[in-house]
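**Q** Numbers given in our numbering equal positions in the sequence shown, counted from 1, plus 81.
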Amino acid sequence: MKKLISVLTILLIGLLVINVYADEDKEIKKHPGYVNFDDIDIPGDAEETVEVYIKGPLLKLVASITEHEDPALSKMLARLLMVRVNTFSIDPALANELKPKVKKIEKQLQKQKWEKIVRVKERDELVNIYLKFDKKDRIAGLVVMAIEDNDEAVFINIVGELDWKQISKLGKKFDIDELKDVSEEDKPDK
Numbered sequence: 082m083k084k085l086i087s088v089l090t091i092l093l094i095g096l097l098v099i100n101v102y103a104d105e106d107k108e109i110k111k112h113p114g115y116v117n118f119d120d121i122d123i124p125g126d127a128e129e130t131v132e133v134y135i136k137g138p139l140l141k142l143v144a145s146i147t148e149h150e151d152p153a154l155s156k157m158l159a160r161l162l163m164v165r166v167n168t169f170s171i172d173p174a175l176a177n178e179l180k181p182k183v184k185k186i187e188k189q190l191q192k193q194k195w196e197k198i199v200r201v202k203e204r205d206e207l208v209n210i211y212l213k214f215d216k217k218d219r220i221a222g223l224v225v226m227a228i229e230d231n232d233e234a235v236f237i238n239i240v241g242e243l244d245w246k247q248i249s250k251l252g253k254k255f256d257i258d259e260l261k262d263v264s265e266e267d268k269p270d271k
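#1: List the whole-angstrom C-beta distance separating Val-131 from Val-224, where the pair is believed to meet the contact cut-off of C-beta under 8 Å.
#2: Report the option in Ile-228, Glu-150, Ile-210, Lys-136 whose CA atom is closest to the CA atom of Leu-179.
#3: Can you tell me whether Asn-238 is helix, strand or coil according to DSSP?
#4: Here's the rule I'm using: 16 or more other beta-carbon atoms within 10 Å means buried, otherwise exposed. How should Ala-176 be labelled?
#5: Starting from the N-terminal side, write out each stretch of the alpha helix (DSSP H) that is 4 residues or longer and does not extend beyond the region 129-155.
#6: Looking only at DSSP bridge pairs, what is Leu-223 linked to?
#7: Would you call the region 145-159 and the region 237-251 touching, i.e. three or more CB-CB distances under 8 Å?
#8: Looking only at DSSP bridge pairs, what is Arg-160 linked to?
#9: With distance defined between alpha-carbon atoms, name the residue in Asp-244, Gly-222, Gln-247, Arg-204 nearest to Asn-231.
#10: Roughly how many whole angstroms lie between the Cα atoms of Val-199 and His-149?
#11: Cutting at 6 Å between CB atoms, please list the residues of its own chain near Gly-241, excluding the five before and the five after it.
#12: Pick helix, strand or coil for Ile-186, following the three-state DSSP scheme.
#13: Nearest-angstrom Cα distance between Asp-262 and His-112?
#14: Are the CB atoms of Ile-220 and Leu-190 nearer to each other than 8 Å?
#15: Would Glu-196 pass as a contact of Leu-207 if the rule is Cβ separation under 8 Å?
#16: Rounded to whole angstroms, what is the Cα-Cα separation between Lys-188 and Val-143?
#17: Which residues mark the beginning and the end of the alpha helix (DSSP H) in which Pro-202 is found?
Below, the structure is given as structure tokens:
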């Protein structure tokens with residue numbers, strides 16, 4: 082009987098944990114700073130080189146670890162809900178397949194009133210960085226979509242309240258090249 086109670090207790094705790102994470106995912110997906118990259122549908126033969134997917138509790142842990150080192154960055158990390166980074170090695174054929182999908186997401190972002198702050202369109206490179214502001218003109222989300230035809234594709238979504246001055250530090254902390262050089266000069270007028 083004790084084994085049955087132990088098994089049922091473990092099962093119940095497991096179900097509670099799953100429900101907490103499922104509720105957290107639902108809240109993140111409802112947040113104005115969230116972007117669904119699932120439509121990108123990276124082909125199976127693409128080699129994923131980097132995947133970072135950090136949510137609530139882990140972000141809070143990183144915030145507490147960095148509190149003494151950099152209190153401002155720590156405060157911002159505590160207000161984030163999700164950091165998602167996907168980087169894939171690609172070839173020119175895959176780049177051509179991804180570009181229309183990125184354009185579709187760009188149209189969705191424009192409809193949802195995201196602000197484009199960086200656009201680089203060169204022969205073999207496409208980079209777009211967007212910010213989403215909430216009703217109080219605070220940054221509620223950040224999206225980076227970058228494709229280099231002969232190299233890689235990068236998709237980043239950071240959800241939560243961001244401090245503009247801390248974005249480059251966030252890029253350095255999580256090794257996100259596209260954010261490391263964001264400066265005050267790039268800040269959109271709001």
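Note that CB positions come from ideal geometry on N, CA and C, so glycine has one too.
Keep in mind the model is a prediction, meaning the values are calculated, not measured.
**A** Taking the geometry as given:
#1: Between Val-224 and Val-131 the Cβ distance is about 17 Å, and since that is not below 8 Å, they are no contact.
#2: Ile-228
#3: strand
#4: buried
#5: 137-147
#6: Leu-212, Ile-239
#7: yes
#8: Bridge partners of Arg-160: none, in fact.
#9: Arg-204
#10: 32 Å
#11: Arg-160, Leu-161, Leu-162
#12: helix
#13: 26 Å
#14: no
#15: no
#16: 34 Å
#17: Per the sequence presented here, residue 202 reads as Lys, with Pro not at that position. Counting along the chain, Lys-202 falls outside any alpha helix (DSSP H), though it belongs to the beta strand (DSSP E) covering 196-203.
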